[in-house]
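Enquirer: Can you keep this structure in mind? I'll have questions shortly.
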Amino acid sequence: MKAEIVSVGTEIIMGSTLNTNVQYITQRLSEFGIDVLFHTSVTDDPELLREVTNIALERVDLIIFTGGLGPTQDDMTKEVVSDTLGLKLVLNPFIQNNIKEYFNRTNRPMPSNNIKQAYLPEDSKFLMNRVGTAPGIYIEKDNKIIILLPGPPREMKTMFDEQVVPLIKRDPTIMTKTIRTRTINTIGIGESALEMKLKDIIDKKEDIIIATYAQEGKVDVKIIVKENNIESADNKLDRIVASIDRRISKYIYSYDNESIEEVVYRKLLEQNKRIAFCESCTGGLITSMFTRIPGASKVFDRGIISYSNTSKMEELNIEEDILLKHGAVSETVALHMAKNLLDITGVDIALSTTGIAGPSGGTQGKPIGLVYIGIATKDNAYAVKVMLNGARHSIQNRAALRAFNELRKIL
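So in our numbering, spot 185 of the sequence shown is number 186, and the numbers just go up one at a time.
Now the structure itself:
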């Protein structure tokens, strides 16, 4: 099945809003073997939207619209699409009551223009919105499927997962084969290098899609297999994953999107170990990422942001002579930070970061992007030097990921 995603909103065209919806929907549709051929964005202009709708109806089987389902005057997706399809809008009492109840639950008066959201195209199915007021719409007409979803990502994702996915799974025209997917999450290797290691696997397989997706500091490998039955699909997927594992195992940190900090947490929990962090250039980011995990307190002792030299001396007992001789951004200081934190806390593992995130402060000997990661245990202590590229926040994010990866490797 061929699909197109149409994103409606002047704010998207102007670059004011990052369009994460199109990425999410495309990735989810690929899991069901649906080929997304076009991403189209259009302003809140009824004539342009009508033109885009007609073009999509000519070239694909499934069209998913996001945005333009709100109560305001510039929310016109439903009206334009319905008119283009020759469908009348009819008041749905059930949806009308749901919208009223939503405002009652949130203890707010309902604006009169919200009633607009209760009108649906005739002979369509409504998709419940648990987290907002705009219902989604599912239309089947002339061998085409047209789906209208709200624009806010939280509403769209909830509706897609809870309402659209079951409809896709029940539709025999879409689910002609059994689809199985797996994501392999990697770190420490670039996308181009990873693709070269897997090139022959990617190129020669039929009914298998293997694609790499670069993210900040990491790369995902997405595998999709299509087969006539569940057993064949599972066996084929397992063989492909095993083949990829043999080639890139040292870069794999998880499967199916378990975050690297969750991997570290799980390993600490399994080994009954506790950890502490002292951060300079990452400014508490590592601690923040780790403590987002429910139950982190079972393995996490504390996080210290020792940003200045004074704080390194006062909180981590780093001698002033060491700081003056080697500089705060050095292997020696990173090592002492981790070792001293281990002594202070009595944990099983201590981790430190110190570096130059920029945009200023770099020198020829210590350029922007230079980061040292220190790790200390009761049996060993060492520091790792890494060079990172990007803006300040990117260097901090990448440093945090590299720090978690160093922990993963020793656990």
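Even glycine gets a Cβ: it sits at the ideal position worked out from N, Cα and C. Quick caveat: nothing in here was measured; it's all calculated off a predicted structure.
Flag this pair as touching only if the region 43-51 and the region 3-22 have three or more C-beta atom pairs under 8 Å; answer yes or no.
Expert: Yes, they touch.
Enquirer: State the Cα-Cα distance for the pair Ile180 and Ile146, rounded to the nearest angstrom.
Expert: One C-alpha to the other measures close to 20 Å.
Enquirer: From the beta carbon of Asn115, is the nearest beta carbon of chain C less than 8 Å away?
Expert: Among the protein chains of the structure shown there is no chain C, as only one such chain exists.
Enquirer: Excluding the five sequence neighbours on either side, which residues of its own chain have a C-beta within less than 8 Å of the C-beta of Pro368, listed in chain order?
Expert: Result list for Pro368: Ile357 and Met388, in chain order.
Enquirer: Can you tell me which of the three DSSP states Pro368 falls into?
Expert: The answer is coil: DSSP assigns Pro368 none of H, G, I, E or B.
Enquirer: Could you tell me which residues DSSP puts in a beta bridge with Asp36?
Expert: DSSP lists Lys3 as partners of Asp36.
Enquirer: DSSP three-state call for Tyr266: helix, strand or coil?
Expert: It is helical.
Enquirer: To the nearest angstrom, report how far apart Ala351 and Ala377 are at their CA atoms.
Expert: Cα-Cα distance, rounded: 5 Å.
Enquirer: For Ile253, collect the residues of the same chain with a Cβ closer than 8 Å to its Cβ; drop the 5 residues on either side in sequence, then sort them by chain order.
Expert: Answer for Ile253: Ile185, Asn186, Thr187 and Asp246, listed in chain order.
Enquirer: Nearest CA to the CA of Lys386: which residue from Thr292, Thr355 and Val264?
Expert: Among Thr292, Thr355 and Val264, the Cα nearest to that of Lys386 belongs to Thr355.
Enquirer: From Asp76, Arg248 and Asn99, pick the residue whose C-alpha is nearest to that of Asn129; which is it?
Expert: In the sequence as presented, Asn is not what sits at residue 129; that position holds Met. For Met129, the nearest C-alpha among the options comes from Asn99.
Enquirer: Report buried or exposed for Asn406, applying the criterion of at least 16 other Cβ atoms within 10 angstroms of its Cβ.
Expert: Looking at its Cβ environment, which holds 16 or more other Cβ atoms inside 10 Å, Asn406 is buried.
Enquirer: With distance defined between alpha-carbon atoms, name the residue in Tyr139, Asn114, Gly133 and Ser83 nearest to Ser125.
Expert: Looking at the Cα atoms, Tyr139 is the closest of the given residues.
Enquirer: Provide the residue span of the alpha helix (DSSP H) that contains Met314, from first to last.
Expert: Residues Asn310 to Leu317.
Enquirer: Quick check on Gln24: does DSSP put it in helix, strand or coil?
Expert: Helix.
Enquirer: Any idea if Asn108 is buried or exposed, counting beta-carbon neighbours within 10 angstroms, 16 or more meaning buried?
Expert: Answer is exposed; the Cβ neighbour count stays below 16.
Enquirer: Once you ignore the five residues that flank Glu316 on each side, which residues in its own chain have a CB closer than 6 Å to its CB?
Expert: If we look at Glu316 and ignore the five residues flanking it on each side, its Cβ neighbours are Ile305 and Ser307.
Enquirer: With distances taken Cα to Cα, identify the nearest neighbour of Ala400 among Gly137, Lys3, Glu280 and Asp75.
Expert: Ranking the options by Cα distance to Ala400, first place goes to Glu280.
Enquirer: Sort Lys326, Thr283 and Val7 by Cα distance to Ile26 and report the nearest one.
Expert: Selected option, being the one with the closest Cα: Val7.
Enquirer: Quick one: what does DSSP say Met176 is sitting in, helix, strand or coil?
Expert: Coil, per DSSP.
Enquirer: What span of residues does the beta strand (DSSP E) with Tyr120 cover, start to end?
Expert: Where Tyr120 is concerned, the enclosing beta strand (DSSP E) stretches over Tyr120 to Pro122.
Enquirer: Measuring alpha carbon to alpha carbon, tell me which of Lys227, Leu58 and Gly218 ends up nearest Ser260.
Expert: The shortest Cα separation from Ser260 among Lys227, Leu58 and Gly218 belongs to Gly218.
Enquirer: Return the bridge partner residues of Val385 from the DSSP annotation.
Expert: Answer by DSSP bridge pairing, in chain order: Ile374.
Enquirer: Can the beta-carbon of Ser353 be found less than 8 Å from the beta-carbon of Ala339?
Expert: Yes, the pair counts as a contact, with Cβ atoms nearer than the cut-off.
Enquirer: With a threshold of 8 Å on Cβ separation, who are the neighbours of Tyr120 within its own chain once the five nearest residues in sequence on each side are excluded?
Expert: Contacts found: Lys79, Leu90, Val91, Leu92 and Asn93.
Enquirer: Identify the residues that DSSP records as bridge partners of Ile185: which are they?
Expert: Val222 and Tyr256.
Enquirer: CA-CA distance, Ala329 and Ile411?
Expert: Near 25 Å, if we compare the C-alpha coordinates of Ile411 and Ala329.
Enquirer: Looking only at its own chain, which residues have a Cβ that is under 6 Å from the Cβ of Tyr33, when we skip the five neighbours before and after it?
Expert: Contrary to the premise, residue 33 reads as Phe rather than Tyr in this sequence. Cβ neighbours of Phe33 beyond the five flanking positions: Ile169 and Ile180.
Enquirer: Within a Cβ cutoff of 6 Å, which residues of the same chain sit near Phe39, ignoring the five residues on either side of it in sequence?
Expert: Glu5.
Enquirer: The alpha helix (DSSP H) with Ala297 in it runs from where to where?
Expert: That residue, Ala297, is in no alpha helix (DSSP H); it is neither H nor E in DSSP.
Enquirer: In this structure, what does DSSP give as the bridge partners for Leu149?
Expert: Note: Leu149 sits in a beta bridge opposite Phe66 and Ile138.
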